[in-house]
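Per full-length UniProt numbering, residue 1 is the first one in the sequence shown, and the count goes up by one each step. Glycine included, C-beta positions come from ideal geometry on N, C-alpha and C. Below is one structure, written out as structure tokens, with a few remarks after it.
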Amino acid sequence: MSEVTIEKPVLEPTGALSVETVLSVRHWNEHLFSFRITRPASFRFRSGEFVMIGLQGDNGKPLLRAYSVASPSWDEELEFLSIKVQDGPLTSRLQLIQPGDQIYLGRKPTGTLVTDALLPGKRLFMLSTGTGLAPFLSLSRDPDVYEFYEEVVIVHSVRRVSDLAFHDELTGKLADDPLVAEQAAKQFHYVPTVTREAFRNNVRIDALIENGKLFEGIAGAPKFDPETDRIMMCGSMEMIKQFGAWFEENGFAEGSNAAPGAYVIERAFVG
1 MSEVTIEKPV
11 LEPTGALSVE
21 TVLSVRHWNE
31 HLFSFRITRP
41 ASFRFRSGEF
51 VMIGLQGDNG
61 KPLLRAYSVA
71 SPSWDEELEF
81 LSIKVQDGPL
91 TSRLQLIQPG
101 DQIYLGRKPT
111 GTLVTDALLP
121 GKRLFMLSTG
131 TGLAPFLSLS
141 RDPDVYEFYE
151 EVVIVHSVRR
161 VSDLAFHDEL
171 TGKLADDPLV
181 AEQAAKQFHY
191 VPTVTREAFR
201 NNVRIDALIE
211 NGKLFEGIAG
221 APKFDPETDR
231 IMMCGSMEMI
241 KQFGAWFEEN
251 GFAEGSNAAP
261 GAYVIERAFV
271 G
């Protein structure tokens, strides 16, 4: 019996969208995957920004969603990290992509999870849950970040061990990265925590702060200081609201591209 070949639509670029090719796909578990696509020569972005990507919808029009770019601004390819939602309008289709497939890419990246939105400081803490890790993967591989900050810290909270995307690369302090490996060996710190399975850290981020584990091995005081520490947050609404309120109460002013501050969130994602 011959296999049925499903013809995929040929995408056409528009004024706002280019058409790129999927280069590789990595499935971390049944509900998490990452993928890399071609990068147009004209595409410029700051590490930490997001862009619209998508596929063709049933009505023949682009079906788009905002995704943080997980690769750094210098990378010749673009990488993204996504959840799999079986009945999601886009992700139900996006999780099926294969190398060689076409995908829409917006031409105008933007965002506030960038160093331009923060005041100078000594330590950069990037607090994330789930796929909120994506923009911090980009920033952690940007050489400028290591020039701006003495300590660079990614905190990643997930439910299951298999949800710790890029765990090995981050645990290895980005040793295979061609541009930041030397600096990351001295300045980069990775603090993963798993809330629903056995792991070396198995509490939420707030507990890591309270018990001091978040600060272990990191130069400076075992607490957040608005004079020296800069914070980025991306992930669940619950986490962002909880810590946003805490930082505000403790002297941290929210920053933006127009008015840099002590902490930033991605307003486009949280509303």
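Secondary structure note for residue 246: its alpha helix (DSSP H) is the uninterrupted segment 237–249. Note that the C-beta distance between residue 48 and residue 123 is not below 8 Å. In the DSSP assignment, residue 154 is bridged to 126, 190. Rounded to whole angstroms, the gap between the alpha carbons of residue 225 and residue 211 is 16 Å. CA-CA distance, residue 36 to residue 239, rounds to 28 Å.
The beta-carbon distance between residue 234 and residue 113, rounded to whole angstroms, is 6 Å. This is short enough to meet the 8 Å contact definition.
When Cβ pairs closer than 8 Å are counted between the two stretches, the stretch 143–158 is seen not to touch the stretch 49–61, the count staying below three. The stretch 195–238 contains, as complete alpha helix (DSSP H) runs of 4+ residues, the segments 205–211 (chain order). For residue 148, there is no enclosing beta strand (DSSP E); the residue is found in the alpha helix (DSSP H) stretching over 143–148.
Taking a cut-off of 8 Å on C-beta distances, the stretch 151–158 touches the stretch 119–136, as three or more cross pairs fall below it. Per DSSP, reduced to three states, the secondary structure at residue 113 is coil, with no helix or strand assignment.
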